[in-house]
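Trainee:
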Amino acid sequence: GVDCGADSRMCCRQEFFVDFKEIGWEDWIIQPEGYHMNYCSGLCPLHMAGIPGLAASFHTAVLNRIKAASAAAAVDSCCVPTQRRPLSLLYYDRDSNIVKTDIPDMIVDSCGCT
Amino acid sequence: AAKGSWCPGCGVAALAPGAQRDALLALAKQSILAKLRLPARPDSPQPQNRGALLTALRRMREQRSETAATFPGMLRDGPVPGRAGMELQEYEILSFAESGSSTPRSVHLHFRFSQEVIGSTEILQATLYLFWAAPGAQPVTVRLLQPHPAGPNATVASETRLEVQRPGWSTLDVGAAVRSLFGHETPRLTVELEVPQDWGSPLPSNHSDSHWPFVVAQARARKPHRLHRR
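Keeping their order, the protein sequence lines are chains A and B.
Residue numbers are given in this note's numbering: position 99 of the first sequence equals residue 121, and the series is strictly consecutive.
Residue numbers are given in this note's numbering: position 100 of the second sequence equals residue 170, and the series is strictly consecutive.
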């Protein structure tokens with residue numbers, strides 16, 4: 023996957039960190055200090071479809087040629103997460119109990135084109 | 071969307087940087103609360119004494135490794151894949167005792183659980199932790215009380231005579247009692263401790279003691295009911 027830079031136009035992972043202190047949640051969320059709510063953004067023109075889903079091989083080269091040749095008739099694919107991991111939280115519930123849980127698929131590690 | 075253009079997917083104009091950040095922060099709050107099944111962020115929690123919290127978290131970790139060794143596959147680090155790849159979220163809940171009515175030789179302890187968690191999870195295991203500074207030779211009587219549906223009194227759900235061999239922590243399985251709280255409007259487990267004549271008080275002298283009693287419960291999100299159209 024590709025991380026977005028200042029002027030990225032193609033599909034990439036945009037980093038975005040939510041500081042719990044900034045949003046006033048540090049009193050009930052004990053750990054961690056924030057949430058990496060990264061997201062995917064950018065263009066997926068046809069010749070990028072399936073990347074990085076396909077291995078860089080002869081087949082990929084041929085597939086790209088076919089897609090490029092028919093670009094006029096096709097539409098773009100989507101820039102989506104390709105790898106995600108849980109967000110582990112330790113927090114107080116409304117009865118002041120301490121709860122530890124892992125929320126699945128909350129942190130995007132990498133993005134790619136469908 | 072690139073600056074000054076339209077989102078190719080939804081047609082919405084690109085937001086100004088400040089507005090975009092506010093929107094993302096609002097989305098983050100909504101997403102976390104939804105995944106924790108909380109209608110809103112908990113108000114003004116009463117933080118537990120740090121020593122007691124660290125002691126309890128250490129016990130939680132030890133119990134987790136004991137459970138994993140005893141029942142491999144019962145608990146995993148991270149979500150558990152459910153049917154058709156659906157991941158079942160797991161919880162570990164730590165509830166510290168609130169002391170109720172007491173006499174020189176007995177005390178009532180109340181352990182509260184939130185309706186959100188009890189109502190939407192299945193309790194896999196729950197353990198009561200009690201610390202004894204100077205145990206005597208005779209056993210301690212531990213009664214788990216059930217609220218009486220028809221009135222304020224409570225009935226004894228189970229009674230255990232706990233042999234305490236030496237100073238330190240002892241544990242008691244209270245899984246069934248915690249599971250029975252399912253459906254209660256204010257899920258609360260009540261425990262009565264009765265110590266023999268020559269023992270000291272059944273409780274540490276103050277609430278901020280790192281040996282304050284607590285319950286650790288391990289729970290897993292209930293599988294959503296799926297309706298199959300025939």
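Every residue, glycine too, gets a C-beta built ideally from N, C-alpha and C.
In three-state DSSP terms, what is B:Val286?
Mentor: Strand.
Trainee: Excluding the five sequence neighbours on either side, which residues of its own chain have a C-beta within less than 6 Å of the C-beta of B:Glu192, listed in chain order?
Mentor: For B:Glu192, where only same-chain residues beyond five positions count, the Cβ hits under 6 Å are Arg290 and Arg292.
Trainee: Look up A:Gly134 in the DSSP assignment and say whether it is helix, strand or coil.
Mentor: A:Gly134 falls in the strand class under three-state DSSP.
Trainee: Tell whether a beta-carbon distance below 9 Å holds between B:Val285 and B:Val244.
Mentor: It is a contact, given that the beta carbons lie within the stated cut-off.
Trainee: Closer than 8 Å by C-beta to B:Arg153: which residues in its own chain qualify, once you throw out the five before and the five after it? Chain order, please.
Mentor: Only weak support exists for where B:Arg153 lies, its pLDDT of 47 falling under 50; the value from the coordinates is given anyway. The answer, listed in chain order, is Lys293.
Trainee: Does the beta-carbon of A:Arg31 have 16 or more other beta-carbons within 10 angstroms, so that it is buried, or is it exposed?
Mentor: So A:Arg31 counts as exposed.
Trainee: Between the alpha carbons of A:Cys62 and A:Phe39, how many angstroms are there, rounded?
Mentor: So the two alpha carbons sit approximately 14 Å from each other.
Trainee: What does the Cβ neighbour count give for B:Gly170, buried or exposed, with the cut at 16 atoms within 10 Å?
Mentor: Classification for B:Gly170: exposed.
Trainee: Flag this pair as touching only if the segment 47-60 of chain A and the segment 78-93 of chain B have three or more C-beta atom pairs under 8 Å; answer yes or no.
Mentor: These segments do not touch.
Trainee: By DSSP, does B:Ala154 sit in helix, in strand, or in coil?
Mentor: At B:Ala154 the pLDDT is 48, less than 50, meaning the model places this residue with poor confidence and gives no usable figure here.
Trainee: Kindly give me the distance between the Cβ atoms of A:Gly23 and A:Cys133, rounded to whole angstroms, as I take these residues to be in contact under 8 Å.
Mentor: Right, their Cβ atoms sit about 5 Å apart.
Trainee: Looking at chain B, which residues of the segment 108-124 of chain A have a Cβ within less than 7 Å of any of its Cβ atoms?
Mentor: Residues passing the 7 Å Cβ filter: Pro108, Tyr114, Asp115, Arg116, Asp117, Ser118, Asn119, Ile120, Val121, Lys122, Thr123 and Asp124.
Trainee: In this structure, what does DSSP give as the bridge partners for A:Arg108?
Mentor: What sits at residue 108 of chain A in the sequence shown is Pro, not Arg. Note: A:Pro108 sits in no beta bridge, so no partner.
Trainee: Is B:Ser165 close to chain A, meaning its C-beta is less than 9 Å from at least one C-beta of that chain?
Mentor: Yes, B:Ser165 lies at the interface with chain A (some Cβ there is under 9 Å from its Cβ).
Trainee: Could you tell me the alpha carbon to alpha carbon distance between B:Ser302 and B:Gly238, rounded to whole angstroms?
Mentor: Since the displayed chain B opens at 71 and closes at 300, residue 302 of chain B lies outside it and no answer follows.
Trainee: Kindly list, in the order they appear in chain A, the residues whose Cβ is closer than 9 Å to that of B:Ala98.
Mentor: What B:Ala98 touches in chain A: Phe38, Val40, Ile45, Tyr57 and Met59.
Trainee: Per DSSP, A:Gly56 is paired with what?
Mentor: Bridge partners of A:Gly56: A:Asp41.
Trainee: Just the Cα atoms here: how many angstroms apart are A:Glu48 and B:Pro205?
Mentor: Each residue's alpha carbon lies about 40 Å from the other.
Trainee: So what does DSSP say about B:Ala227, is it helix, strand or coil?
Mentor: Of the three classes helix, strand and coil, the one that applies to B:Ala227 here is strand, per DSSP.
Trainee: Cα separation between B:Leu106 and B:Gln116?
Mentor: Approximately 19 Å, taken between the alpha carbons.
Trainee: Taking CB distances under 9 Å as the criterion, tell me whether A:Asp49 reaches chain B.
Mentor: Cβ-Cβ to chain B under 9 Å: yes for A:Asp49.
Trainee: Of all Cβ atoms in chain B, is any one closer than 9 Å to the Cβ of A:Met161?
Mentor: Residue numbering for chain A in the displayed model covers 23 to 136; residue 161 of chain A lies beyond these limits and cannot be assessed.
Trainee: Which residues in the same chain as A:Asp98 place their Cβ atom closer than 6 Å to its Cβ, once the five residues preceding and following it in sequence are excluded?
Mentor: Result list for A:Asp98: Cys66 and Pro67, in chain order.
Trainee: Since A:Cys34 contacts A:Gly56 with CB under 8 Å, what's their CB separation in whole angstroms?
Mentor: The Cβ separation is near 21 Å, so there is no contact.
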